[in-house]
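Note sheet for the following structure.
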Amino acid sequence: MTLQELRYLVALADKGHFVRAAEACNVSQPTLSTQLKKLEDYLGVTLFERNKHQLRPTPIGEQIIERARRALDVVEEIRDLATRDHDPMNGPLRLGVIPSLGPYLIPHLLPALRGSFERLQLFLREDLTANLLERLRQGSLDALLLALPVRGEDLSMMSLFREAFVVALPREHPLAVHGQISEKALAGENVLLLEEGHCMRDQALAICGATSSDQREELKATSIETLRQMVAAGVGCTLLPALAAIPGVGSIDNGLVQIRSFAPPEPTRTIGLVWRHRYPREATIRGLAELILANLPPAAVTLAADGQRVEAGHVLHRRGWEAATSRA
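Residue numbers (our numbering): 47 to 374.
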């Protein structure tokens, strides 16, 4: 039994006529008939009922034809996999991204992605870091775009860029008169935070100084856009990643929310890609990294964790990221 015989079998089932099936397979009708007879002899069953007026599968023939279709589908999948290995930017890529990054970075990447890698099918999943890591380990995601570092002996990481934090203030806030704001100046302020589970919440607490909830009036938001609306309403101030503070991003009139940078050294977070150690499509991850670095808006500073400019594809495996925890 050969794959070619299975192709003849499926073609005959689809066309219902020896001549039309032979034409679809680009062979002569006697050749197709001979090969089908060989297949029947090999299996020891009759696959088709034949008479002058119709050709239809026997009951056992229907079952064998169904399995032949499946076998040919698997063969096609194997061929596709081999093709993707020659072209890593071909096929599906399931990318997880954190909510404080996805809406502000992905729109800058999609036009370039469609133009440069039209065969790469990018499927996005936005979720909290812990949930994304669980999905990555389970195999339902291929890679993650998030704030580093993350922990795991089973993970590899690639640093991409550092993104500064800025302060968002209500229009009439006393600190709005300053061109830059020190971290110390925020210590006594009502700094609005994202709810538990967001990595940016922990980063904001580290920058502003962690205090217990009974010492700080704290309203928790589920998204950066909610934080922005709360600042506009005069409830308090907050920290935003620089990409989320680009003019025109968000729905708040710029006059209601004042953006100020931090006094040097400004706090930053490091953004990178994470994937399973020994993931077979690392070339695809490198290609995505190059595309991200080539299409970053000016608000993203392409620096590695040690302050040196990143070479696309700079990979830090597992413990190699331990030194990158400062301010990230």
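We put the beta carbon where it would ideally sit given N, CA and C, even for glycine.
- Bridge-paired residues (DSSP) for V213: L285 and R306
- Query: CB-CB under 6 Å to L190, same chain, minus the five flanking residues each way: which ones, in chain order?
  - Reply: G142, L178, L182 and V320
- Query: From the DSSP output, which residues share a beta bridge with A189?
  - Reply: L141
- Query: With 16 other CB atoms within 10 Å as the buried threshold, where does E218 fall?
  - Reply: exposed
- Hey, how far is the Cα of R197 from the Cα of P134? 27 Å
- Item | Proximity of T80 and T92 at Cβ, strictly below 8 Å | no
- Query: How is the beta strand (DSSP E) around G161 delimited, first residue to last?
  - Reply: It is not in any beta strand (DSSP E) - G161 instead sits in the alpha helix (DSSP H) that spans G148 to S162.
- Item | Closest Cα partner of E172 within the set L334, K98, G148 and L240 | G148
- Message: Comparing C-alpha positions only, which one of V121, Q50, E123 and G225 sits nearest to A70?
- Response: Q50
- Message: My parser needs the beta strand (DSSP E) runs of 3 or more residues fully inside the region 49 to 103; what are they?
- Response: 94 to 96 and 101 to 103
- Task: Classify I296 as helix, strand or coil using the three-state DSSP reduction.
- Result: Per the sequence shown, the amino acid found at residue 296 is Gly instead of Ile. Of the three classes helix, strand and coil, the one that applies to G296 here is coil, per DSSP.
- Query: Are there 16 or more other CB atoms within 10 angstroms of the CB of G294, so buried, or fewer, so exposed?
  - Reply: exposed
- From this set, L289, A128, L239 and L194, which residue's C-alpha is nearest S269's C-alpha? L239
- Item | Beta-carbon gap between L151 and V212 smaller than 8 Å | no
- Item | Own chain partners of D188 with C-beta closer than 6 Å, once the 5 adjacent residues on each side are dropped | L139 and R140
- Task: For A57, count neighbouring C-beta atoms within 10 Å of its own C-beta (all shown protein chains included) and say buried if the count is 16 or more, exposed if not.
- Result: buried
- Item | Other residues of its chain near K61: CB distance less than 7 Å, five sequence neighbours each side excluded | A67 and A70
- Range of the contiguous beta strand (DSSP E) that encloses T268: Note, T268: premise wrong, no beta strand (DSSP E); not H, not E.
- Message: Please list the terminal residues of the continuous beta strand (DSSP E) segment that includes R315.
- Response: T314 to R322
- Close-in-space but distant-in-sequence residues of the same chain around E263 (CB under 8 Å, 5 per side omitted): With a pLDDT of 47 at E263, under the threshold of 50, the modelled position of this residue cannot be trusted; read the value that follows with caution. Taken in chain order, the residues that qualify are N236 and G282.
- Message: Using 8 Å for Cβ pairs, my map puts A278 next to L302. What's the rounded Cβ distance?
- Response: 4 Å
- Query: What residue from A114, L166, I106 and S228 has the CA that sits closest to Y54's CA?
  - Reply: A114
- Query: By DSSP, does R208 sit in helix, in strand, or in coil?
  - Reply: strand
- May I have the straight-line CA-CA distance separating L221 from A231, to the nearest angstrom? 8 Å
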